[in-house]
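Trainee:
2 protein chains.
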Amino acid sequence: MRLLLIEDEKELAAALSVALKKHGVVTDHTMQLTNAFELTLQNDYDAILLDRRLPDGDGLTFIPKLRRAGVKSAIIILTARNEPLERVEGLNIGADDYLGKPFLVEELIARVRAVLRRPAQLAEPSIAAGHMVIDPLHLNVMLDTAVLDLPRRELLVLVALAKRKGRTVLRSTLEAAVYNYEEEIQSNALDSHISRLRKRLQDASAGVAIHNIRGVGYLLKEE
Amino acid sequence: MRLLLIEDEKELAAALSVALKKHGVVTDHTMQLTNAFELTLQNDYDAILLDRRLPDGDGLTFIPKLRRAGVKSAIIILTARNEPLERVEGLNIGADDYLGKPFLVEELIARVRAVLRRPAQLAEPSIAAGHMVIDPLHLNVMLDTAVLDLPRRELLVLVALAKRKGRTVLRSTLEAAVYNYEEEIQSNALDSHISRLRKRLQDASAGVAIHNIRGVGYLLKEE
DNA sequence: TAATGAAGATTGCCGCAGCATTACGGAAAG
DNA sequence: CTTTCCGTAATGCTGCGGCAATCTTCATTA
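These protein sequences, in sequence, are chains A and B. Here the numbering used here is used: position 52 in the first sequence is 52, and no number is missing along the way. Count along the second sequence starting at 1, add 1000, and that's the number in the numbering used here.
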C-alpha cells in the first residue's frame, strides 16, 4: 500500500511515516499542494492523506482539482478542526473520510483499509439523460442549465430509471426505490407517479420517454 | 437510496427516518438482529446503519454473519462508544464506517454518500447468447445496444433457455420457469410461447435458434 | 418405403390482467 | 390559509396469453 501524505508539520509527518512503515505502508511526503499535484499525477496512490491547513492554500480546495484531473485515489482529510459541520463540508466536496487530530495511527490504518475496500468509482456519478443531467447522489435534476423541480416520489422514480436508462427496470425495483416495507401500497400509486412524471417530462421537453414493458417493468429511453 | 436502520431506540429511529426521508432516502427500520438478518436477505440495501448495543446481541458480531451470507451492502456503525480503539475494532471487523453519537443527520448522509461511491452491483451474471446479452436478474435482454422487448412469458422462457444454452432443458423445467404452482396448465401454452419466441428472435436476427429434442425438451443454440 | 400415431408447430380467437389517465380528498408543506 | 403532493379508486384501453383446431415433423413398425 502506498500513500501520499500532505502535511506541513514536519514532526507529525515523520512520526506518521515511521508508524505507517511498521504496518507495511509506503508513504510519500510533501508539504505543498503544488508539489502534491504533480506527485499524484506521476504515481497511483492508494490513498491521499490531506491536511486541511497548508502554507499554500486550503486542502479542501485541492480535492476538486484532483478529481477533475481524474485522480481516483481515496482521500482522507486530517485536521484539527473536527466539528461536525466541518466534517460534512469535507465529505461533500469529495473526500472519502475525515479524521480529526489527535488520532491513533491504528485508527488511521483502519480507516485507510476501510476506504480501500470500496472500489473507487468516483468517476461519473452524474447521469446524462436526454437534455437532463441527473445527480443520483444529491437527487438533483438539471434540465439544460435550470434545475428541474420534481416532487419527491416522482424524483425517486426518475432516478431509479435513469440509473438503468436504456434497460428495463423491474416494477418491483421501482417500488423498492420509492417505498419502504412499512408503506404498503394497495393501489396503483406507482402508476400514478409514472403518469405524472411522464407529463412533466413531456411538458419540459426533457428529451426522454418512459416506455412500459408489459408484465415486466419500465424503461427510460432517450429520443 | 435505500437503507436499513437497526436501532432499538424508537425515538431516535423515528427521527432519523424522518430526517433521511427529507434527503430522499427510503429507510426500513427494525429493532432486532434476527429480524434484520431476514430483511437484508430479502432486500438489497445500499447501506445498513447498525447500532452496536442491541437487545439481542452486540451489533459487531452481526457483521461477519452478514458478510458470510453474501450481503454486500455498506455497513455504518452507530454507537455511543466513540473511543478510538472501539472504532478501530469496528472498522477492522468489516464495517465501512463508524459514527459516534450524537451526530448531525447531514453528516450521516454525507458519510453514506461517501461510502456508496462504489459500483452498484458486484454480482453481474449476464449471459451472452448470439447477438444478445441477457440479464436474468433484471429480466433484461439487450440486442446489440437496444432492448429487445419481449412479453413476460416469452422472456421467462428465453432466460431459462439461456441459462443453460447449448444444453437441453427439460420441458418440465421450462414449465416450472414460467408457471408457478398455482397456475396449472391444461394446454400447449408452452408450445405457443416457444413458437412466438422463435418468430421474434428470427425477426430480430438475434443470432440464436431454439431446437427441439423430441420427447425431452428444448435447446438454445447459437448460430 | 410407406403407413401410422405421437409429439411438436403454428395460428386465430377473445377474456381479462395489466397499464394509462384523471378526479377527488386528505395530508403535509410553506 | 393556500398550495402542492400523493394515495386511492373509477374508467377506459391494449395486447398478452390460454385455449383449441389444424397442420407438420419425426420415430417406429412391417
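Ideal Cβ positions, reconstructed from N, Cα and C, are used throughout, including at glycine. Quick caveat: nothing in here was measured; it's all calculated off a predicted structure.
At what residue ranges does the region 1123 to 1171 of chain B contain a whole run of the beta strand (DSSP E), taking only runs of 3 or more?
Mentor: Taking only runs of at least 3 residues, the beta strand (DSSP E) segments lying wholly in the region 1123 to 1171 of chain B are 1127 to 1129, 1132 to 1135, 1140 to 1143 and 1168 to 1170.
Trainee: With respect to the beta strand (DSSP E) encompassing A/H193, which residues constitute its N-terminal and C-terminal limits?
Mentor: First-last for A/H193: A189 to D203, but that is the alpha helix (DSSP H), not the beta strand (DSSP E).
Trainee: Reducing DSSP to helix, strand and coil, say where A/G207 ends up.
Mentor: Here A/G207 sits in coil by DSSP.
Trainee: Looking only at its chain, what residues have a beta carbon closer than 6 Å to the beta carbon of A/Y2, apart from the 5 residues adjacent to it on each side?
Mentor: Tyr is not the amino acid found at residue 2 of chain A; the sequence shown has Arg there. Cβ within range, chain order: V26, Y45 and D46.
Trainee: Could you work out which residues of chain B lie near A/R87, taking near to mean beta carbons separated by less than 7 Å?
Mentor: Per Cβ cutoff of 7 Å: E1107.
Trainee: Going by the CB atoms, is the gap between B/I1127 and B/A1162 shorter than 9 Å?
Mentor: In contact: B/A1162 and B/I1127 (Cβ atoms closer than 9 Å).
Trainee: Counting only the same chain and skipping the five closest in sequence on each side, list residues whose C-beta sits under 7 Å from that of A/R111.
Mentor: Hits under 7 Å: I76, D97 and L99.
Trainee: Would you say A/P55 and A/G94 are within 9 Å of each other, going by their C-beta atoms?
Mentor: No. Outside cutoff.
Trainee: So, with DSSP's three-state summary, where would you put B/R1214?
Mentor: Residue state, collapsed to three classes: coil.
Trainee: Do you know whose CA, among A/L156, A/A206, A/L49 and A/D8, lies nearest A/D144's CA?
Mentor: Comparing Cα positions, the closest option is A/A206.
Trainee: Taking all protein chains shown into account, do 16 or more other C-beta atoms lie within 10 angstroms of the C-beta of B/G1070, making it buried, or fewer, making it exposed?
Mentor: When all chains shown are included, B/G1070 counts as exposed.
Trainee: Following the continuous beta strand (DSSP E) through A/I76, name the residue where it begins and the one where it ends.
Mentor: A74 to T79 is the span of the beta strand (DSSP E), which, as asked, contains A/I76.
Trainee: Does chain A have any CB closer than 9 Å to the CB of B/V1178?
Mentor: By this cut-off, B/V1178 is not an interface position.
Trainee: Hey, A/V115 and A/R153: beta-carbon distance below 9 Å or not?
Mentor: It is not a contact, given that the beta carbons lie outside the stated cut-off.
Trainee: Can you list, in chain order, the residues of the region 158 to 171 of chain A whose Cβ is nearer than 9 Å to any Cβ on chain B?
Mentor: Residues passing the 9 Å Cβ filter: V159, K163, R164, G166, R167, T168, V169 and L170.
Trainee: Let me confirm a value: A/H23 is counted as buried when at least 16 other C-beta atoms fall within 10 Å, else exposed. Which label applies?
Mentor: By the 10 Å Cβ count, A/H23 comes out exposed.
Trainee: Enumerate in chain order the residues of its own chain whose CB-to-CB distance from B/L1033 is below 8 Å, with the five nearest sequence positions on each side excluded.
Mentor: Excluding sequence neighbours, B/L1033 sits near I1006, L1054, D1056, G1057, G1059 and F1062.
Trainee: Can B/R1198 and B/L1150 be called in contact, C-beta distance under 9 Å?
Mentor: Not closer than 9 Å, so no.
Trainee: Sorted by chain position, which residues of the same chain lie with C-beta nearer than 6 Å to B/H1193's C-beta, five sequence neighbours on each side aside?
Mentor: These residues qualify, in order along the chain: R1153, E1154 and V1157.
Trainee: State the Cα-Cα distance for the pair B/M1031 and A/T168, rounded to the nearest angstrom.
Mentor: Rounded to whole angstroms, B/M1031 to A/T168 spans 35 Å at the Cα level.
Trainee: I believe B/V1208 touches B/A1129 by the beta-carbon criterion, under 8 Å. Please report the beta-carbon distance rounded to the nearest angstrom.
Mentor: Right, the Cβ-Cβ distance comes to about 5 Å (below 8 Å), so this counts as a contact.
Trainee: Looking only at C-alpha atoms, which of B/A1189, B/R1171 and B/L1139 sits nearest to A/R171?
Mentor: If we check each option's Cα against that of A/R171, B/L1139 comes out closest.
Trainee: For A/N35, would you say it is in contact with chain B, using Cβ-to-Cβ distances shorter than 9 Å as the test?
Mentor: By this cut-off, A/N35 is not an interface position.
Trainee: So what's A/I185 in DSSP terms, helix, strand or just coil?
Mentor: If DSSP states are grouped into helix, strand and coil, A/I185 belongs with coil.
Trainee: Determine the DSSP secondary structure at A/I109, reduced to helix, strand or coil.
Mentor: Three-state DSSP puts A/I109 in a helix.
Trainee: Given a cut-off of 9 Å on the beta-carbon distance, is the pair B/L1004 and B/I1048 in contact?
Mentor: Yes, Cβ-Cβ distance for B/L1004 and B/I1048 is below 9 Å.
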